[in-house]
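Here the sequence shown is numbered in the numbering used here, starting from 8 and rising by one per residue. Using N, Cα and C, we set each Cβ at its ideal position, and we do this for glycine too. Note that the coordinates shown come from a computational prediction; the quantities given were computed from them, not determined experimentally. Heads up, the thing below is written out as structure tokens.
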Amino acid sequence: MAPASAGAQRAEKRRAALRAQGRRPMQIRVPDTRAPGFAEECARQAAIVNAANLADPELRQFMDTAAADLAEHLDGLEAGARQ
């Protein structure tokens, strides 16, 4: 058997470290973004959410406030990273 490549050795080391932390591998299935109709279904669902948001002014205010808070937080993180 051929010796493992450096990349394979790094991957195995990483997997061993994750196992030591009590982590286990898990495989999940997600929609295929290349499938026909995927983009259209995303647009359809986004339109439903947008219509619901527009119909609820309190939710819209909450979302605007949350977005502003997040932007302020991210600006602070970026300013700290530049120092």
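- Assigned with DSSP and collapsed to three states, Ala46 falls in helix.
- In this structure, Leu66 sits near Asn60, with a CB-CB distance shorter than 8 Å.
- For Ala73, the uninterrupted alpha helix (DSSP H) segment begins and ends at 64 to 89.
- For Gln16, the enclosing alpha helix (DSSP H) starts and ends at 13 to 27.
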